[in-house]
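For the record, the sequence lines run as chains X and R.
Per our numbering: the first sequence = residues 316 to 642.
Per our numbering: the second sequence = residues 316 to 642.
Quick notes on the structure that follows.
Number of protein chains: 2
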Amino acid sequence: MTAPLIDNLQYCNWSPKIFRELRAGGVDAVHVTIAYHEELREVLGNLTAWNRWFEAHPDLIFKGLTGDDVRRAQATGRTAVFFGFQTPTPIGDDIGLIEIWHQLGIRFMQLTYNNQSLLATGCYEAEDPGLTRYGRQAVAEMNRVGLVIDMSHSAERSTLEAIDASARPIAITHANPHWWHPALRNKSDAVLRALTGRGGMLGFSLYPHHLKGGSACRLEDFCAMIAETASRYGAENLGIGSDLCQDQPDRVVEWMRVGRWSKTIDYGEGNAANPGFPPMPVWFRDNRDWDNIRQGLARQGFDAAEIGGIMGGNWLRFYDRNFGPAE
Amino acid sequence: MTAPLIDNLQYCNWSPKIFRELRAGGVDAVHVTIAYHEELREVLGNLTAWNRWFEAHPDLIFKGLTGDDVRRAQATGRTAVFFGFQTPTPIGDDIGLIEIWHQLGIRFMQLTYNNQSLLATGCYEAEDPGLTRYGRQAVAEMNRVGLVIDMSHSAERSTLEAIDASARPIAITHANPHWWHPALRNKSDAVLRALTGRGGMLGFSLYPHHLKGGSACRLEDFCAMIAETASRYGAENLGIGSDLCQDQPDRVVEWMRVGRWSKTIDYGEGNAANPGFPPMPVWFRDNRDWDNIRQGLARQGFDAAEIGGIMGGNWLRFYDRNFGPAE
Chain X
316 MTAPLIDNLQ YCNWSPKIFR ELRAGGVDAV HVTIAYHEEL REVLGNLTAW NRWFEAHPDL
376 IFKGLTGDDV RRAQATGRTA VFFGFQTPTP IGDDIGLIEI WHQLGIRFMQ LTYNNQSLLA
436 TGCYEAEDPG LTRYGRQAVA EMNRVGLVID MSHSAERSTL EAIDASARPI AITHANPHWW
496 HPALRNKSDA VLRALTGRGG MLGFSLYPHH LKGGSACRLE DFCAMIAETA SRYGAENLGI
556 GSDLCQDQPD RVVEWMRVGR WSKTIDYGEG NAANPGFPPM PVWFRDNRDW DNIRQGLARQ
616 GFDAAEIGGI MGGNWLRFYD RNFGPAE
Chain R
316 MTAPLIDNLQ YCNWSPKIFR ELRAGGVDAV HVTIAYHEEL REVLGNLTAW NRWFEAHPDL
376 IFKGLTGDDV RRAQATGRTA VFFGFQTPTP IGDDIGLIEI WHQLGIRFMQ LTYNNQSLLA
436 TGCYEAEDPG LTRYGRQAVA EMNRVGLVID MSHSAERSTL EAIDASARPI AITHANPHWW
496 HPALRNKSDA VLRALTGRGG MLGFSLYPHH LKGGSACRLE DFCAMIAETA SRYGAENLGI
556 GSDLCQDQPD RVVEWMRVGR WSKTIDYGEG NAANPGFPPM PVWFRDNRDW DNIRQGLARQ
616 GFDAAEIGGI MGGNWLRFYD RNFGPAE
């Protein structure tokens with residue numbers, strides 16, 4: 316079977332139009348965020364909304380739970396939708412909820428989203444004391460059930476400690492190397508080396524604040540960065556996590572940034588003059604533009620197997636190994 | 316494969332001792348109640364507690380989801396544990412939670428527990444207006460996902476309307492015929508005829524307040540009642556739902572009866588002079604006594620196939636047909 320096309324992070328304002336665009340672009344699987352700050356009851360509401368989408372559009376999408384669901388998507392011309400949390404809020408202080416969420420199909424969970432959590436520290440905190448006592452317990456439980464640890468929005472020391480404490484590979488689902496573009500959300504060479512050295516995956520982000528040159532970033536520069544990343548850490552640990560937030564109103568980026576934790580606005584990677592969603596690069600406007608990246612990778616000299624891996628084959632291998640209980 | 320032994324309702328104070336007794340008694344599957352009055356967060360706590368039991372005792376028990384899990388239990392010498400609610404409280408006013416609970420493994424839900432609910436009327440209310448608007452919507456959704464409607468604690472009209480409104484067979488998991496013992500919880504001939512006429516199942520209760528003669532009920536009388544029930548409605552729609560509440564303190568029966576809805580005690584089928592759990596009949600003290608009932612049925616003239624059906628084969632057929640999505 317040919318390698319699948321997998322985007323390992325999107326947060327679109329989902330609609331039948333976007334589901335059709337996923338099909339038009341040949342996307343076999345997408346990992347979607349279903350919690351930024353939401354608590355248990357609200358996350359269940361997001362799951363019921365997705366259940367209604369799945370009921371209404373079985374010809375386009377279905378709920379993905381395992382790597383085999385990606386193959387089923389390829390075989391049936393549909394898109395498998397995998398769920399993840401960008402926050403540990405939905406487990407609260409109850410470690411047992413890790414298994415519960417896994418049973419409901421959650422496959423990725425960030426230990427922290429920008430701020431300090433009960434488990435670890437986010438990338439916008441001034442101090443980073445690393446994993447907490449509860450955080451270490453949670454890492455072991457996530458390992459046990461097969462809920463993947465995602466450190467995309469975490470701070471340096473916490474990320475390194477999570478990589479070290481985890482008995483299984485972890486993921487940074489959507490970020491780029493800090494050496495390419497020094498955003499707070501992009502990752503250090505030390506983190507990327509530790510991550511990939513343990514079999515972990517990096518998903519390259521297309522969110523303009525994570526790109527050199529922002530919205531004006533050129534496809535050639537983005538793909539040259541991927542080539543350099545592959546030469547440093549190996550092409551087999553790389554994939555895409557576009558962070559596509561198509562059709563979202565600007566109030567959603569505000570919700571992402573401040574949730575309920577602040578009464579004043581925090582601009583994250585943006586600023587007061589540019590508070591909303593930045594425009595996407597012209598070569599990646601939506602899910603119909605994946606061939607541009609594929610062609611850009613070919614022009615960098617990647618061979619067909621490497622391109623297949625980066626465009627989804629590497630995520631599929633990671634799914635196969637990490638979405639089930641520990642051996 | 317030989318017919319399984321299935322008890323389709325217990326609410327024990329679970330412990331490794333009782334799990335070993337399930338094995339000693341050859342119980343292949345048990346449907347356990349995990350909510351009487353609990354709301355969503357509390358039910359998840361009950362599920363996480365069960366997840367810990369499953370993690371700690373994989374040699375004795377595992378979570379049952381389908382009829383095939385009963386066969387797996389038989390093949391591996393373990394007990395498959397199925398979950399059910401005796402109340403619709405955990406779905407609140409959100410119909411989407413029906414599918415969510417099904418995804419977490421809930422396989423039976425009562426539309427009401429003794430009192431009026433958002434969906435239907437319980438057996439201790441003075442008036443019974445039948446299914447509500449929401450109740451009719453919930454029946455259709457339970458049919459769609461494969462969450463079995465249980466009317467054990469429901470009032471007459473609501474029960475008849477649920478049988479009629481449901482496109483799939485329903486269950487009365489634990490009750491006896493009213494014509495044998497006129498407890499408020501036991502079921503009329505009209506209900507049992509309608510239930511079984513649509514392929515629904517009756518599970519005979521061993522809770523002393525549901526037995527003629529109470530705790531002193533004789534095995535012979537209990538089995539003669541089963542024989543009469545089989546002659547009226549067919550042996551193929553009968554099973555056991557013992558309502559065994561082993562090792563529970565009396566405060567638990569008080570919780571069952573009043574939950575949080577009353578500041579004064581309601582004695583249910585008991586009374587002020589006898590407020591606690593009544594003693595079980597001497598021929599059914601715990602899960603090691605199933606052979607007594609099997610032998611009692613043989614003495615009534617049931618053949619081996621009928622006994623196999625009543626002791627679990629009929630429930631297994633019902634599980635196979637009703638625990639998954641509608642065709």
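Even for Gly, the Cβ is constructed at its ideal location relative to N, Cα and C.
Exercise. Are residue 552/R and residue 515/R close, meaning C-beta to C-beta below 8 Å?
Worked result: As a first step, residue 552/R is located in the second sequence; it is residue number 237 there, counting from the start. As a first step, residue 515/R is located in the second sequence; it is residue number 200 there, counting from the start. Against a cut-off of 8 Å, the Cβ pair of residue 515/R and residue 552/R comes out as a contact.
For this session: Using only the heavy atoms of the ligand MN, determine whether one of them is closer than 7 Å to the beta carbon of residue 420/R.
Result: Looking at this structure, you won't find the ligand MN or any other ligand, since it has none at all.
Exercise. Is the Cβ of residue 536/R closer than 8 Å to any Cβ of chain X?
Worked result: Here residue 536/R refers to the residue found at position 221 of the second sequence. It does not; no Cβ of chain X falls within 8 Å.
For this session: Return the chain-ordered list of same chain residues with a C-beta closer than 6 Å to the C-beta of residue 397/X, the five sequence neighbours on each side being excluded.
Result: The residue labelled residue 397/X in the question sits at position 82 within the first sequence. Same-chain partners within the cutoff: 346, 379 and 422.
For this session: Determine the contact status of residue 628/R and residue 324/R, defining contact as a CB-CB distance below 8 Å.
Result: By 1-based counting over the second sequence, the position of residue 628/R is 313. By 1-based counting over the second sequence, the position of residue 324/R is 9. Result no, Cβ atoms of residue 628/R and residue 324/R do not sit closer than 8 Å.
Exercise. With 8 Å set as the bound, which would you pick, yes or no: does the beta-carbon of residue 399/X sit closer than that to a beta-carbon of chain R?
Worked result: As a first step, residue 399/X is located in the first sequence; it is residue number 84 there, counting from the start. With 8 Å as the cut-off, residue 399/X does not count as an interface residue toward chain R.
For this session: Could you pull out every residue in the same chain whose Cβ sits closer than 8 Å to the Cβ of residue 361/R, ignoring the five residues on either side in sequence?
Result: As a first step, residue 361/R is located in the second sequence; it is residue number 46 there, counting from the start. Excluding residues within five positions, the ones whose Cβ falls inside 8 Å are 349, 350 and 353.
Exercise. Can a CB atom of chain R be found closer than 8 Å to the CB of residue 408/X?
Worked result: For this step, residue 408/X is matched to residue 93 along the first sequence. With 8 Å as the cut-off, residue 408/X does not count as an interface residue toward chain R.
Problem set entry | beta strand (DSSP E) segment containing residue 378/R, residue limits | Taking the first residue of the second sequence as 1, we reach residue 378/R at position 63. 376-378 is the span of the beta strand (DSSP E), which, as asked, contains residue 378/R.
For this session: Answer with buried or exposed for residue 429/R, where buried requires no fewer than 16 other C-beta atoms within 10 angstroms of its C-beta.
Result: For the purposes of this step, residue 429/R is identified with residue 114 of the second sequence, where counting begins at 1. Per the 10 Å Cβ criterion, buried.
For this session: Examine the Cβ distances between the region 381-401 of chain X and the region 634-642 of chain X and report whether three or more of them are shorter than 8 Å.
Result: yes
For this session: Mind checking which residues open and close the beta strand (DSSP E) that includes residue 607/R?
Result: On the second sequence, residue 607/R is found 292 positions in, with the first residue counted as 1. Careful: residue 607/R lies outside any beta strand (DSSP E), inside the alpha helix (DSSP H) at 605-614.
For this session: To the nearest angstrom, report how far apart residue 418/R and residue 524/X are at their CA atoms.
Result: Within the second sequence, the letter at position 103 stands for residue 418/R. Within the first sequence, the letter at position 209 stands for residue 524/X. Between residue 418/R and residue 524/X, the C-alpha separation is close to 38 Å.
Problem set entry | Every unbroken beta strand (DSSP E) inside the region 355-390 of chain X [3 residues or more] | 376-378
For this session: With 8 Å as the threshold, decide whether the Cβ of residue 356/R is near any Cβ in chain X.
Result: If you number the second sequence from 1, residue 356/R lands on position 41. Yes, residue 356/R lies at the interface with chain X (some Cβ there is under 8 Å from its Cβ).
Exercise. Do you know whose CA, among 427/X, 359/X and 436/X, lies nearest residue 407/R's CA?
Worked result: The sequence position of residue 407/R within the second sequence is 92, counting from 1. If we check each option's Cα against that of residue 407/R, 359/X comes out closest.
Problem set entry | Extent of the continuous beta strand (DSSP E) to which residue 324/X belongs | Along the first sequence, one-based indexing puts residue 324/X at 9. Looking at the DSSP string, the run of the beta strand (DSSP E) that includes residue 324/X is 321-325.
Problem set entry | Test: residue 411/R CB closer than 8 Å to a CB of chain X | Position 96 of the second sequence, counting from 1, holds the residue named residue 411/R. Taking Cβ atoms only, chain X reaches closer than 8 Å to residue 411/R, which makes this a yes.
For this session: Kindly list, in the order they appear in chain R, the residues whose Cβ is closer than 9 Å to that of residue 415/X.
Result: Here residue 415/X refers to the residue found at position 100 of the first sequence. Simply 359, 362, 363, 366 and 419.
Problem set entry | Rounded C-alpha distance that separates residue 550/R from residue 612/R | Within the second sequence, residue 550/R is the residue found at index 235, counting from 1. Within the second sequence, residue 612/R is the residue found at index 297, counting from 1. Their Cα atoms are separated by approximately 12 Å.
Problem set entry | Limits of the alpha helix (DSSP H) - the one that residue 533/X falls within | One-based indexing of the first sequence puts residue 533/X at position 218. Careful: residue 533/X lies outside any alpha helix (DSSP H) and carries neither H nor E.
Exercise. Ordered along the chain, which non-local residues of its own chain (more than five positions away) have a Cβ less than 7 Å from that of residue 336/X?
Worked result: Along the first sequence, one-based indexing puts residue 336/X at 21. Excluding positions up to five away in sequence, the list reads 601, 602 and 603.
For this session: Report the option in 395/X, 413/X and 434/X whose CA atom is closest to the CA atom of residue 474/X.
Result: Translated into positions along the first sequence, residue 474/X becomes position 159. When each option's Cα is compared against that of residue 474/X, the closest is 434/X.
Exercise. Of all the beta strand (DSSP E) runs that stay within the bounds of the region 500-528 of chain X, which reach a length of 3 or more residues?
Worked result: 516-519
Problem set entry | Bounding residues of the beta strand (DSSP E) (the contiguous stretch that carries residue 475/R) | Translated into positions along the second sequence, residue 475/R becomes position 160. Per DSSP, residue 475/R belongs to no beta strand (DSSP E); it is in the alpha helix (DSSP H), 471-480.
For this session: Entirely within the region 399-467 of chain R and at least 3 residues each: give me those beta strand (DSSP E) ranges in chain order.
Result: 421-425 and 463-465
Exercise. Anyone know if the C-beta pair for residue 478/X and residue 513/X falls short of 8 Å?
Worked result: The residue given as residue 478/X occupies position 163 in the first sequence. The residue given as residue 513/X occupies position 198 in the first sequence. Closer than 8 Å, so yes.
Problem set entry | Expected contact under 8 Å - CB spacing of residue 343/X and residue 321/X to nearest Å | The residue you call residue 343/X lines up with position 28 of the first sequence. The residue you call residue 321/X lines up with position 6 of the first sequence. Indeed, because the Cβ distance is near 6 Å, the residues count as touching under 8 Å.
Exercise. Counting along the chain, where does the beta strand (DSSP E) carrying residue 580/X start and finish?
Worked result: Translated into positions along the first sequence, residue 580/X becomes position 265. Element bounds for residue 580/X: n/a, residue is neither H nor E.
Problem set entry | Cβ neighbours of residue 581/R in the same chain (closer than 7 Å, five flanking residues each side left out) | Reading the second sequence from its first residue, position 266 is the one you call residue 581/R. Excluding residues within five positions, the ones whose Cβ falls inside 7 Å are 572 and 573.
Exercise. Residue 466/R: buried (16+ other C-beta within 10 angstroms of its C-beta) or exposed?
Worked result: For the purposes of this step, residue 466/R is taken as residue 151 along the second sequence, with counting starting at 1. That one is buried.
Exercise. Between residue 451/X and the rest of its own chain, which residues show a CB-CB distance below 8 Å, the 5 nearest in sequence each way excluded?
Worked result: Residue mapping note: residue 451/X aligns to position 136 of the first sequence, counting from 1. Taken in chain order, the residues that qualify are 480.
Problem set entry | Cβ-Cβ separation, residue 584/R to residue 499/R (assumed contact under 8 Å), whole Å | Here residue 499/R corresponds to residue number 184 of the second sequence, with the count starting at 1. Here residue 584/R corresponds to residue number 269 of the second sequence, with the count starting at 1. With 8 Å as the limit, residue 499/R and residue 584/R qualify as a contact, their Cβ atoms being about 7 Å apart.
For this session: Please look up how many angstroms separate the CB atoms of residue 485/X and residue 510/X, rounded, as I've assumed it's under 8 Å.
Result: Taking the first sequence and counting its residues from 1, the one referred to as residue 485/X is at position 170. Taking the first sequence and counting its residues from 1, the one referred to as residue 510/X is at position 195. Sure, about 7 Å apart at Cβ, within 8 Å.
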